[in-house]
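Heads up, the thing below is written out as C-alpha cells.
Protein chains: 2
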Amino acid sequence: MARAGVTVERLAEAAAELADEVGLENVTVSELARRFGVRDASLYSHIRNAHELRVRVAVLALAELADRVAAALAGRAGKDALVAFANAYRDYAKEHPGRYTATQVELDPETAEASAARRHSDMTRAILRGYSLAEPDQTDAVRLLGSTFHGFVSLEQAGGFRHHPRGADESWSRVLDTVDVALRNWPAHASDADAGRAP
Amino acid sequence: MARAGVTVERLAEAAAELADEVGLENVTVSELARRFGVRDASLYSHIRNAHELRVRVAVLALAELADRVAAALAGRAGKDALVAFANAYRDYAKEHPGRYTATQVELDPETAEASAARRHSDMTRAILRGYSLAEPDQTDAVRLLGSTFHGFVSLEQAGGFRHHPRGADESWSRVLDTVDVALRNWPAHASDADAGRAP
DNA sequence: CCCTGCTTCCTAGGACTCCTAGCAATATAC
DNA sequence: GTATATTGCTAGGAGTCCTAGGAAGCAGGG
Chain D
1 MARAGVTVER
11 LAEAAAELAD
21 EVGLENVTVS
31 ELARRFGVRD
41 ASLYSHIRNA
51 HELRVRVAVL
61 ALAELADRVA
71 AALAGRAGKD
81 ALVAFANAYR
91 DYAKEHPGRY
101 TATQVELDPE
111 TAEASAARRH
121 SDMTRAILRG
131 YSLAEPDQTD
141 AVRLLGSTFH
151 GFVSLEQAGG
161 FRHHPRGADE
171 SWSRVLDTVD
181 VALRNWPAHA
191 SDADAGRAP
Chain A
1 MARAGVTVER
11 LAEAAAELAD
21 EVGLENVTVS
31 ELARRFGVRD
41 ASLYSHIRNA
51 HELRVRVAVL
61 ALAELADRVA
71 AALAGRAGKD
81 ALVAFANAYR
91 DYAKEHPGRY
101 TATQVELDPE
111 TAEASAARRH
121 SDMTRAILRG
131 YSLAEPDQTD
141 AVRLLGSTFH
151 GFVSLEQAGG
161 FRHHPRGADE
171 SWSRVLDTVD
181 VALRNWPAHA
191 SDADAGRAP
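Line by line, the protein sequences are chains D and A. In terms of UniProt numbering, the first sequence is residues 1 to 199. In terms of UniProt numbering, the second sequence is residues 1 to 199.
Pasting the structure below:
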C-alpha cells in the first residue's frame, strides 16, 4: 500500500484550507486525517497535538499575509500606501477567513520570533514614514492602525455591519480617509488636541 | 434527594463565570454540570445544545456591558463622553475576558433584536451628537469607533502589545485623543480630506 | 391527604474527538 | 540487499455532546 505522504507542510496547508472552509475552531485532527486518507493517530508522528495545528496555520497565514502586504506596498507612499496596506489586510481576511482568524492566536515567544510578526510591524512603521511621527507617537500610531483595521475586519467578519443599509465598503473607505487625516493631525498633547481644527 | 435547582438564568451566569476563567471556547456542558452537581444530560432540559450556552453568555454580556456604558455616559458629553465610553468597554473586557469574547458571537436575527445590541449602537450614536455628524457620516463614525475600540481591546487581550516597552495604557489614551481629533476633523470628502490640516 | 401532571434529573448508550503505546510496513542510506 | 529511520497501523482510554426513555420531586385540585 502506497503511503499518503504526509508532511508538516502539507498538513499546515490542508489545515489552513480547512480553516477557511469551516472556521479555525473546527479544524480537527480527525477531519485532517480523513482528508489524507489516514488514521488520526498517524498524524501524531508529524504534530504534537491539535493546538500545534492551529499554531502552524497561524504562522503560515502570518507569512502569506506579510507577502501580500509587501507586494501591495511596493512603490507606494503616503495615503496611497496606507490604503494599499489596509486593503491587503481586508482582502486577505475576506478570501481566507479561517487563516485570518488564526492570525490572532497567541504564539509563544520563540514561535513569534520565528514568524512573520516582525515583518508586519516593520511594514506598518514603514507606512508611517509618510507621516513623520517620532517615538513614542509612532508606536501609538502603529497600534492605532492595527486596532482600527483589525477591528473593522473582525466586526465585518462577525456580521456586525450586515443589518444596516450603509454598505461596508463605503464605511471602509471613509474610515481610511479619517485615519489618514488623523495621522496627519496627530495630536501633540491631549491638552492642545484641537490645534489643527478648522474654524 | 434535593434538586440542584438549575435554571437557564443560573446556567447562563455560571457559564459566563466559567468563560471568564477558562475562555469562552472552553465553556463546556460537562464542566457546567459538574459545577451544579448534576449529570450533563440533565442540562439538556434547560438548553438545547452547547451553542445555546455561548449565545446566552453573549446576551448576558451584551446587557451587562450596555448597563455599564450607560452609567459611564450619564452626565457627560463631548470628548468626556467618548473617553468614558471607551474605558467602559476596555475595563469590562479586562474584568470579564470571556464575556467580552462572547460579545462577538454571531446572533441570529431574533436573538439579536431581543438583545442589548440596539442599545449599544444607540449609545454610540449618542456620543457622536457631540461632534455633529449627519448621515451617512454618522454610521461611518459609529463603525470607526466600534472598530478602533474593539480592535485595540482585542489585540491587547491577545497579547499583541505585551512585547514592547511602550505601555498599553499610554497608547490607549493617545488613541482616544486621536479619535477625538479625527471626529472633529471628519473629512467631508476624500478629495478635500486635508481641509482642516494645520499649516 | 392523595392523586394528577409537570418539571427536573437520572441511567444507558452512541458518536465523535484527542491522544498514547506499541507494532508493522515501507522508504532511504549504505 | 540489508540496516535504520520514518510513516502508518491497531487498540484503547478519556472526555465531550447529545438522544431516548424512565424515575423522582414538586405543584395544584379534589
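Idealized CB from N, CA, C, for every residue including glycine.
Legend entry - Nonlocal neighbours in the same chain, by C-beta distance under 6 Å from Leu18/A, ignoring five residues either side: For the purposes of this step, residue 18/A is taken as residue 18 along the second sequence, with counting starting at 1. So the list reads Val27, once near-sequence residues are dropped.
Inset, instruction - For residue 205/A, name the three-state secondary structure that DSSP assigns. - result: This structure cannot settle anything about residue 205/A, because the visible part of chain A is limited to 1 through 199.
Inset, instruction - Pull up the distance between the alpha-carbon of Ala84/A and that of Ala71/D, whole angstroms please. - result: In the second sequence, residue 84/A corresponds to position 84, counting from 1. In the first sequence, residue 71/D corresponds to position 71, counting from 1. Approximately 40 Å between the Cα atoms of the pair.
Inset, instruction - Pull out every residue of the region 158-182 of chain A whose Cβ sits closer than 9 Å to any Cβ of chain D, in chain order. - result: Ala158, Gly159, Gly160, Phe161, His163, His164, Pro165, Arg166, Ala168, Glu170, Ser171, Trp172, Ser173, Arg174, Val175, Leu176, Asp177, Thr178, Val179, Asp180, Val181 and Ala182
Inset, instruction - Pull up the distance between the alpha-carbon of Arg174/D and that of Val105/D, whole angstroms please. - result: Here residue 174/D refers to the residue found at position 174 of the first sequence. Here residue 105/D refers to the residue found at position 105 of the first sequence. Cα-Cα distance, rounded: 29 Å.
Legend entry - Residue-level contact to chain A via CB, Asp122/D, 8 Å cutoff: Numbered from 1 along the first sequence, position 122 holds the residue referred to as residue 122/D. Not one chain A Cβ lies under 8 Å of Asp122/D.
Legend entry - Given Gly78/A as reference, the closest of Thr148/A, Met123/A, Glu113/A and Val153/A once Cα atoms are compared: Along the second sequence, one-based indexing puts residue 78/A at 78. Here the closest residue by C-alpha is Met123/A.
Legend entry - Interface positions of the region 105-122 of chain A facing chain D (Cβ-Cβ less than 7 Å), listed along the chain: Glu106
Inset, instruction - Would you check if there are 3 or more beta carbon pairs closer than 8 Å linking the region 176-183 of chain A to the region 122-142 of chain A? - result: yes
Legend entry - chain D contact for Phe85/A (CB, 8 Å cutoff): The residue labelled residue 85/A in the question sits at position 85 within the second sequence. No, Phe85/A lies away from the interface with chain D (no Cβ there is under 8 Å from its Cβ).
Inset, instruction - Figure out for me which residue from Ala74/A, Ala4/A and Glu21/A has the closest Cα to the Cα of Arg99/A. - result: Indexing the second sequence from 1 puts residue 99/A at position 99. It is Glu21/A.
Legend entry - Per-residue DSSP class, three states only, for Thr178/D: By one-based count along the first sequence, residue 178/D stands at place 178. Helix.
Inset, instruction - Express the C-alpha separation of His96/A and Gly167/D in angstroms, rounding to a whole number. - result: By 1-based counting over the first sequence, the position of residue 167/D is 167. By 1-based counting over the second sequence, the position of residue 96/A is 96. Between Gly167/D and His96/A, the C-alpha separation is close to 32 Å.
Inset, instruction - Determine whether the Cβ of Arg139/A lies closer than 8 Å to any Cβ atom of chain D. - result: Residue 139/A sits at position 139 when you count from the first residue of the second sequence. First, the residue type needs correcting, since residue 139/A is Thr and not Arg in the sequence shown. Yes, Thr139/A counts as interfacial toward chain D.
Legend entry - Proximity of Ala16/D and Ala61/D at Cβ, strictly below 8 Å: By 1-based counting over the first sequence, the position of residue 16/D is 16. By 1-based counting over the first sequence, the position of residue 61/D is 61. Going by C-beta atoms, Ala16/D is nearer than 8 Å to Ala61/D.
Inset, instruction - Taking only beta carbons into account, state which residues of the UniProt domain "HTH tetR-type" (5-65) of chain D come closer than 7 Å to chain A, listed in chain order. - result: Glu25
Legend entry - Below-8 Å beta-carbon distance, Gly146/D vs any chain A residue: Locating residue 146/D in the first sequence gives position 146, counting from the first residue. Yes, contact with chain A.
Inset, instruction - Buried or exposed for Pro165/D, please, with buried defined as at least 16 other CB atoms from any protein chain shown within 10 angstroms of its CB. - result: Here residue 165/D is taken as the residue at index 165 of the first sequence, counted from 1. Classification for Pro165/D: exposed.
Legend entry - Beta-carbon proximity check, Leu53/A vs Val29/A, cutoff 8 Å: Taking the second sequence and counting its residues from 1, one reaches residue 53/A at position 53. Taking the second sequence and counting its residues from 1, one reaches residue 29/A at position 29. Yes, these two residues count as a Cβ contact at 8 Å.
Inset, instruction - Determine the burial state of Pro109/A: buried for a count of at least 16 other Cβ atoms within 10 Å of its Cβ, exposed for fewer. - result: Translated into positions along the second sequence, residue 109/A becomes position 109. Pro109/A comes out exposed.
Inset, instruction - Verify the CB distance criterion: does Arg143/D have a CB-CB separation below 8 Å to chain A? - result: Counted from its first residue, the first sequence places residue 143/D at position 143. Yes, contact with chain A.
Legend entry - Any C-beta of chain D under 8 Å from that of Pro97/A: Mapped onto the second sequence, residue 97/A falls at position 97. Output row for Pro97/A: interface = no.
Inset, instruction - Can you tell me the Cβ-Cβ gap for Ala102/A and Ala58/A, rounded? I've got them flagged as a contact below 8 Å. - result: Indexing the second sequence from 1 puts residue 102/A at position 102. Indexing the second sequence from 1 puts residue 58/A at position 58. Right, the Cβ-Cβ distance comes to about 4 Å (below 8 Å), so this counts as a contact.
Inset, instruction - Under 9 Å between beta-carbons, which chain D residues line up against Ser154/A? List them in chain order, please. - result: Your numbering for residue 154/A matches position 154 in the second sequence. In chain order: Gln104, Ser147, His150, Gly151 and Ser154.
Inset, instruction - Give me the Cβ distance between Ala66/D and Ala14/D, rounded to the nearest whole Å; I'm assuming they're in contact under 8 Å. - result: Taking the first residue of the first sequence as 1, we reach residue 66/D at position 66. Taking the first residue of the first sequence as 1, we reach residue 14/D at position 14. No, Ala66/D and Ala14/D are not in contact; Cβ-Cβ is about 21 Å, not under 8 Å.
Inset, instruction - State the Cα-Cα distance for the pair Ala158/D and Ala63/D, rounded to the nearest angstrom. - result: Stepping through the first sequence from its first residue, residue 158/D is reached at position 158. Stepping through the first sequence from its first residue, residue 63/D is reached at position 63. Answer to the nearest angstrom: the Cα atoms are 24 Å apart.
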